[in-house]
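In this note's numbering, the protein residues as written are 1459 to 2060.
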């Protein structure tokens, strides 16, 4: 095989060709294996495109010549193992999947442009190594540095360089987010008019404060440790759009406006519908979104509404917009209605409005302070639904909670200072220092069984539309679980402020890679895989290095999983072979392990 250029100068097209003999003759026939289009267009994306393609074709040609030929190795016998780590070397290669996605997402060309240091190649290797470590064996930077030796095809970098790579992630965070956003807009069915938003926090195993590391309300009840707050925006596919970090003492409700502003500045979204849980449901947030020309679909807490409004929502004396009944029992299984409401909120006057107020005061000759706020009305629509299935689950959950609560009462292990959760059903007798279940509170809770409400300012949406839109909110909750549990974004193990920001930029990139792979597998009709399964598939596969240098053979171990094979097939990565030469392994995986193998057995 060889690379050929055709066409007039400046408009050359690139093809990979192969010549074969015509049977029974001495003549050759040329076949076009693959066409890459115009060279100029390819070099815009990657200035080294032609050089890299020629090298790749040369490698593939050599690998094809070796394919199918028997491999012989010479292994000395009776070699006693007198020291640790003298057995047959084993290398991990599951990050072949990451290498492929790295190329698909054009991260190689992105970091080519951003890494201009003298040691640029080493820096790029280090960045890929950090991502690989986080996606296959998440741990501290120190541990990631130690584990480099086990990863096939990765150039090892120093610990100091690894820490400094976090600064590179920070310096290029905005450009990286923008690069990924452009890719996902072009290569997925991303909708730019609807986004999901939520906030969580991450703890440090420390009490030392910093610019971001501050004490605040920990969602994991780590109240004796500093935390950092993250606001995350994702699309309806679950793929991240952008994120923002806030100091640990920032209230959840105070993060939405900054995050939406950033979204608007970065991507020019003019009109979006923000999906969020009840934590974002404040008058200020809703009025802000409305004033900015945006919309909202946010969970609504009926229990906290005024009694009159509650009656409008759940009163059976009023006709429901929709009702469904069981054909067997006649019992109501579903009901829905829409109730209009008006939010009154104070908002700051614009500079133009302040100037007008000042001018009016001067004209009227009145004294006193100029008002800074105005009261605005925002009409919204609360979509209330009732589900018998949900009602039964609510009742069962409460019954289990009450059983646990009664055991705590019997064992005298009640923490009376806690008033949320199951303790909401308690009545505390201060005089006797005793507690009992308050039956009236239980009855009051029971009347809400099966009810759920979502508020929106969009009159055009039906209850079915609103429910469908809001259901995508679970994807952001799942994204936080992936970040915290699978990618182990917490506890945060770095403490310098810039390193903290770099840590989350790294985790954001890894989350984007996982989420895109999940989306891609879905488009290829591959069964859905959790982040845990994907990471497990990438972390397990290994090869054994047999023989002595230079007569080395690679043997694929039986650690390869069904999921790895499915993902590889979907990404069009060639199947691994039981025994391979170094060249054949590189052709399949795109991982060059020549230097590492020589160090291991040379």
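C-beta atoms are modelled at their ideal positions from N, C-alpha and C, and glycine is treated no differently. These figures come from a predicted structure and were not determined experimentally.
The way I'd put it, the stretch 1942-1950 doesn't touch the stretch 1612-1623; fewer than three beta-carbon pairs between them come closer than 8 Å.
Pairing residue 2002 with residue 2014, the inter-Cα distance amounts to about 6 Å.
Given a length threshold of 3 residues, each whole run of the beta strand (DSSP E) inside the stretch 1855-1925 is given here in chain order: 1884-1887, 1892-1895, 1909-1914. Restricting attention to 1793, 1807, 1778, the CA atom closest to the CA of residue 1784 is found in 1793. Contact annotation: the stretch 1821-1831 does not touch the stretch 1741-1750, with fewer than three C-beta pairs closer than 8 Å. Here residue 1591 has 1602 as same chain residues with Cβ atoms under 6 Å from its own Cβ, once five neighbours each way along the sequence are excluded. Annotation: residue 1694 is outside any alpha helix (DSSP H) and is labelled neither H nor E by DSSP. Counting the other Cβ atoms within 10 Å of the Cβ of residue 1858 gives fewer than 16, which makes it exposed. DSSP lists 1687 as the bridge partner or partners of residue 1659. Inter-segment contact for the stretch 1919-1927 and the stretch 1839-1849 is present: three or more beta-carbon pairs are separated by less than 8 Å. In this structure residue 2007 is exposed. Its beta-carbon is surrounded by fewer than 16 other beta-carbon atoms within 10 angstroms. Just so you know, the alpha carbons of residue 1801 and residue 1909 end up roughly 22 Å apart.
For residue 1797, the CB contacts under 6 Å within the same chain, skipping 5 residues up- and downstream, are 1770, 1771, 1840 in chain order.
In the displayed model, residue 1987 falls within coil according to three-state DSSP, outside both helix and strand. Membership of residue 1502 in the alpha helix (DSSP H) is indicated by the continuous run 1497-1503. The Cβ neighbour count for residue 1976, taken over all protein chains shown within 10 Å, is at least 16; the residue is labelled buried.
Apart from sequence neighbours up to five positions away, the residues of its chain that approach residue 1685 with a beta-carbon distance below 8 Å are 1659, 1660, 1661, 1662, 1671, 1672, 1673, 1674, 1676, 1706, ordered along the chain. Secondary structure note for residue 2056: its alpha helix (DSSP H) is the uninterrupted segment 2052-2059. For the stretch 2028-2052, the continuous alpha helix (DSSP H) assignments of 4+ residues that do not extend past its boundaries occur at 2040-2047, in sequence order. Out of 1813, 1906, 1636, the CA that lies nearest to the CA of residue 1967 is found in 1636. When the Cα atoms are used, residue 1838 and residue 1916 turn out to be separated by approximately 7 Å. If you draw a 10 Å sphere on the C-beta of residue 2042, you find 16 or more other C-beta atoms in it, and that means buried. Judged by DSSP in its simplified three-state form, residue 1561 adopts helix. Residue 1913 is not a Cβ neighbour of residue 2031, given a cutoff of 8 Å.
For residue 1838, the enclosing beta strand (DSSP E) starts and ends at 1831-1845. A residue is called buried once 16 or more other Cβ atoms fall within 10 Å of its Cβ, and residue 1928 is buried on that count.
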